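Report on one structure; see the data block that follows.
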Ligand code: GZL
């Protein structure tokens, strides 16, 4: 039971005996895991999908070996290198898209700059790659560039984060369902509160990811929906930490200077969570006092669940390379390709962290 949350009926007793309690951080919450442990940390996680025949979506381009070198040249327009998730995602592409698997990789790093990324895709088109995979920094303003790729006859796949564009501008999407990830995290908190008879206000510090990315929009929407459902939940601070550890620490430091009460941190990725924990430590605050909700599932974050710092991680699988490669091969062979395929993802808490750390990605 986290020190900063009190339960109904035992409030007075707990207040007296709290100092004597062992620091049992997540207590019996493990049984509140609200999702069956998913295997999403492996790159072969099953996925849910809504099948739409390519032709029906008004998109008929498929990958072809146009230069006859016996390989499919993939141009990968990556977000940047902002987080442990991103590093693992990039590595999964560099490991998979090699000649022995029938591919050649051309890699572009947008350094988290949405405008640069649009130029990156135009450069890949100019280089004549045979298929493009776009992991978009943010989800808007892409129609012209996608149309240029279509006009050039280069099939385009969207991965990791979705786009707000019509179906006839891309071949398929593969990645996480970010709203579902947020709903998974919210459900875990609701179950924790019920199971531990927590009363009193739930004061939430909300560290948002890169604004305008569907990772941030989906995870933030889940919290917005929860606030509408629970009148005693309140966001006492909301800032973007841009999915980086440094910025996450910086925004948490500025919040702590306000000396406001809080008992939950809802942090939209592990790297910002690390920064927030460092900020609490540097300010002389007990980082194990609040409930900490994080996203992704880096190995070091799973270890922090085991050590009682993080209470729950909503999984987000970065190991997309092999599954994107499989979709490309199926499309090339003329098979029906689902328009959307989501990774199946659950939550990691004290109940399954010891098992999950065995296959957790990254360091
Ligand atoms: C999610 C991905 C997000 C991760 C962050 O699919 O786009 O971007 O949650 C990463 O760690 O920076």
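In our numbering, the protein residues as written are 297 to 659. All C-beta atoms in this analysis are idealised placements derived from N, C-alpha and C, irrespective of residue type, glycine included. What you are looking at is a predicted structure, and each value in this text was computed from that prediction instead of being measured.
Grab me the residues of residue i's own chain with a C-beta within less than 6 Å of its C-beta, minus the 5 sequence neighbours each way, in chain order.
i	result
residue 652	598, 644
residue 568	503, 537, 544
residue 547	535, 537
residue 384	614, 657, 658
residue 579	552
residue 588	561, 606, 607
residue 338	No answer about residue 338 holds up, because its pLDDT of 36 lies below 50 and its placement is not dependable.
residue 393	370, 399, 401
Leaving out five residues on either side along the sequence, give the residues of the same chain with a beta carbon under 8 Å from the beta carbon of residue i.
i	result
residue 596	380, 566, 570, 658, 659
residue 363	369, 424, 426
residue 520	none
residue 391	617
residue 540	378, 379, 567, 568, 571
residue 437	410, 414
residue 463	348, 353, 354, 355, 635
Spatial neighbours of residue i within its chain, please: CB distance less than 7 Å, with the 5 preceding and 5 following residues excluded, ordered by chain position.
i	result
residue 620	429, 453, 455, 470
residue 369	400, 402, 425, 426
residue 406	373, 374, 375, 376, 412, 413, 416, 433
residue 418	441, 444
residue 586	298, 300, 558, 559, 560, 561
residue 497	528, 530
residue 649	598, 601, 602
residue 439	461, 465
residue 581	552
residue 361	367, 368, 426
residue 542	571
residue 626	633
residue 663	Look at the range of the chain in this structure, 297 to 659, and you will see that residue 663 is not part of it.
Out of the options, which has the shortest C-alpha to C-alpha gap to residue i?
i	options	result
residue 298	398, 427, 435, 584	584
residue 549	574, 432, 461	574
residue 526	499, 535, 537	499
residue 630	359, 354, 300	359
residue 421	405, 406, 407, 441	441
residue 636	353, 301, 494	353
residue 605	468, 486, 561, 355	561
residue 389	553, 650, 622	622
residue 556	546, 530, 460	530
residue 482	449, 517, 655	517
residue 467	638, 634, 386, 611	634
residue 458	514, 611, 524	514
residue 656	494, 639, 613, 626	613
residue 639	592, 577, 386, 563	592
residue 449	588, 398, 465	465
residue 576	588, 589, 552	552
residue 642	446, 590, 494	590
residue 435	408, 447, 451, 365	408
residue 367	542, 431, 398	398
residue 365	387, 611, 395	395
residue 480	626, 361, 386, 564	564
residue 611	463, 371, 594, 626	594
residue 522	625, 478, 447	478
residue 431	463, 446, 451, 382	382
residue 628	387, 393, 446, 451	451
Is any heavy atom in the ligand SAM found nearer than 7 Å to the beta carbon of residue i?
i	result
residue 509	Although the ligand SAM was asked about, the structure shown includes only the ligand GZL as ligands.
| said: Going residue by residue through the stretch 520–600, where are the continuous alpha helix (DSSP H) segments of at least 4 residues, counting only ones entirely within it? | reply: 541–552, 566–578
| task | Would you be able to state if there are at least three C-beta pairs under 8 Å between the stretch 501–508 and the stretch 526–542? | result | In short, these stretches touch, since the Cβ pair count reaches three.
| Can you find at least 3 beta carbon pairs, one from the stretch 507–525 and one from the stretch 472–480, that sit closer than 8 Å? | yes
| request: For the stretch 376–444, list the beta strand (DSSP E) runs that are entirely contained and at least 3 residues long, ordered along the chain. | output: 399–405, 427–430
| said: Please give the ranges of any beta strand (DSSP E) in the stretch 442–519, keeping only runs that are unbroken, at least 3 residues long and fully inside the region. | reply: The stretch 442–519 contains these whole beta strand (DSSP E) runs: 452–456, 468–471, 498–504.
| request: Report the residue ranges of all alpha helix (DSSP H) runs contained in full by the stretch 589–655; include only those spanning at least 4 residues, in chain order. | output: 595–602, 617–628, 649–652
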